[in-house]
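Numbering (the UniProt record's numbering), first residue to last: 1 to 373. Virtual Cβ for every residue (Gly too), placed ideally from N, Cα, C. For clarity, every value in this text was computed on a predicted model and none was experimentally measured. Worksheet: the structure to be examined is printed underneath.
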């Protein structure tokens with residue numbers, strides 16, 4: 001080895017010199033905790049894929065002020081306590097400047113103490129819970145309408161087409177109760193009473209009692225307020241009884257994975273949406289997402305991907321406005337008062353309103369297994 005040492009020394013010296021002249025690219029660390037496994041895994045993957053479409057494009061073009069944006073994603077298995085622990089790790093150990101695209105109402109609530117303790121911005125939580133909108137939580141910046149608005153719109157729609165017997169199944173947690181409040185507004189506006197209201201365990205719904213109760217209520221439609229498999233398994237059980245009641249669910253299930261899990265039972269299921277139709281290139285937001293997906297050789301854009309994409313645009317704009325060395329405090333300052341056109345939709349924040357967008361629409365799963373509007 002001594003024969004080669006004189007030859008190695010110049011190479012080592014050159015390597016050290018290059019490392020000094022060209023240090024590793026600086027990174028802006030952003031944290032995410034969500035259910036990458038468990039009942040909402042399909043939707044979480046799609047929202048995250050949508051966000052990465054935009055973040056990757058920004059990084060490929062040089063990042064933000066020469067810094068790459070690195071998204072650190074942890075799996076909380078859709079368990080609130082694990083979401084809290086993940087948030088603590090991201091904030092205290094990884095020193096992220098912001099949290100982003102968390103999933104679930106009780107999960108986001110569980111991490112609130114850490115968020116508030118360290119004054120960390122949370123951008124685009126994938127939940128429309130009113131508790132995260134009103135009263136305003138200074139650290140939380142939503143990029144979607146509330147579940148209450150979605151549920152109210154669903155009931156209003158059903159009443160407008162002459163449906164009078166509407167049942168409601170809701171997860172017995174903060175998410176389900178919140179959306180139920182919106183449904184109640186819709187019932188009141190339509191001067192209707194629900195055929196039946198059934199609370200269901202979030203983790204293990206008792207379909208053996210839920211499904212017979214729905215059939216007995218003779219409901220024409222069922223507003224099913226729950227996540228992922230809690231809805232798909234319920235629909236399968238309902239169809240096995242021969243019931244043809246139309247099922248309506250909320251945008252937290254607006255993913256291609258949700259449709260796949262429904263299989264042949266998906267046709268005719270209505271899903272509320274909080275972003276424009278993913279095939280409507282009249283919106284620059286949609287056109288941009290489609291073009292990036294095509295360049296990345298990804299399948300067509302889904303509503304869930306569009307949500308992640310929109311959230312990433314707000315995240316990146318906040319980081320840009322925070323300046324060359326973004327800190328948690330600078331990002332919060334950049335967001336408060338932000339008015340930003342993400343592509344045909346303007347996101348607005350003020351000290352008294354952190355909703356961002358208030359867009360709501362309806363879609364239906366067609367025979368070809370696609371969302372149609």
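Please go through the same chain and pick out, in chain order, the residues whose beta-carbon is closer than 8 angstroms to the beta-carbon of residue i, but skip the five residues on each side of it.
i	result
residue 238	211, 214, 215, 222, 245 and 247
residue 328	97, 98, 118, 119, 120 and 121
residue 164	192 and 220
residue 363	254, 270, 271, 272, 273, 277, 303, 371, 372 and 373
residue 29	70, 72, 94, 95, 96 and 97
residue 89	74
residue 139	115, 116, 119, 120, 121, 122 and 332
Please work out which residues of its chain come closer than 6 angstroms, Cβ to Cβ, to residue i, disregarding the five sequence neighbours upstream and downstream, and give them in chain order.
i	result
residue 105	127, 129, 174 and 175
residue 65	324
residue 153	360
residue 322	330, 331 and 334
residue 190	159
residue 344	283, 284 and 285
residue 374	The displayed coordinates of the chain run from 1 to 373. Any statement about residue 374 would go beyond what the structure contains.
residue 197	168
Might you give, ordered along the chain, the residues of its own chain that have their beta carbon closer than 7 angstroms to the beta carbon of residue i, omitting 5 neighbours on each side?
i	result
residue 369	259 and 266
residue 241	211 and 215
residue 232	258, 261 and 262
residue 187	155, 193 and 194
residue 349	141, 335, 336, 337, 338 and 356
Consider the C-beta atom of residue i and the heavy atoms of the ligand COA; say whether any pair is separated by less than 7 angstroms.
i	result
residue 156	Absence of the ligand COA from the depicted structure is noted, as is the absence of any ligand whatsoever, leaving it without description.
Are there 16 or more other CB atoms within 10 angstroms of the CB of residue i, so buried, or fewer, so exposed?
i	result
residue 313	buried
residue 195	buried
residue 353	exposed
residue 297	exposed
residue 356	buried
residue 178	buried
residue 27	exposed
residue 148	buried
residue 116	exposed
residue 103	buried
residue 299	exposed
residue 227	buried
residue 339	exposed
residue 346	exposed
residue 21	Residue placement at residue 21 is poorly supported in this model, since its pLDDT is 40, which falls under 50; the coordinates are not used for a value here.
residue 218	exposed
residue 351	exposed
residue 171	buried
How close, in whole Å, do the beta carbons of residue i and residue j come, if the pair is a contact with beta carbons under 8 angstroms?
i	j	result
residue 150	residue 250	5 angstroms
residue 108	residue 125	5 angstroms
residue 330	residue 39	Actually they are not in contact, since the Cβ atoms of residue 330 and residue 39 sit about 37 angstroms apart, beyond 8 angstroms.
residue 47	residue 307	5 angstroms
residue 311	residue 101	6 angstroms
Is there contact between the stretch 68-85 and the stretch 27-39, where contact requires at least three CB pairs shorter than 8 angstroms?
yes
Let me know the beta strand (DSSP E) ranges lying completely inside the stretch 160-190, each 3 residues or longer, listed in chain order.
166-171
Please go through the stretch 55-130 and give each complete alpha helix (DSSP H) segment of 4 or more residues, from N-terminal end onward.
80-92 and 105-118
Any alpha helix (DSSP H) of 4 or more consecutive residues that is wholly inside the stretch 282-318
284-295
Does the stretch 188-208 come close enough to the stretch 252-259 to have 3 or more Cβ pairs within less than 8 angstroms?
no
Residue ranges of each beta strand (DSSP E) run of no fewer than 3 residues wholly in the stretch 232-286, ordered along the chain?
246-249 and 270-273
Does the stretch 53-61 touch the stretch 77-90, meaning 3 or more C-beta pairs lie closer than 8 angstroms?
no
Determine contact between the stretch 38-56 and the stretch 292-299, defined as no fewer than three beta-carbon pairs at a distance below 8 angstroms.
yes
Counting pairs of beta carbons, one from the stretch 130-145 and one from the stretch 154-161, are three or more of them closer than 8 angstroms?
no
Threshold first: 3 residues or longer. Then list the beta strand (DSSP E) segments lying entirely within the stretch 325-351, N to C.
339-341 and 346-350
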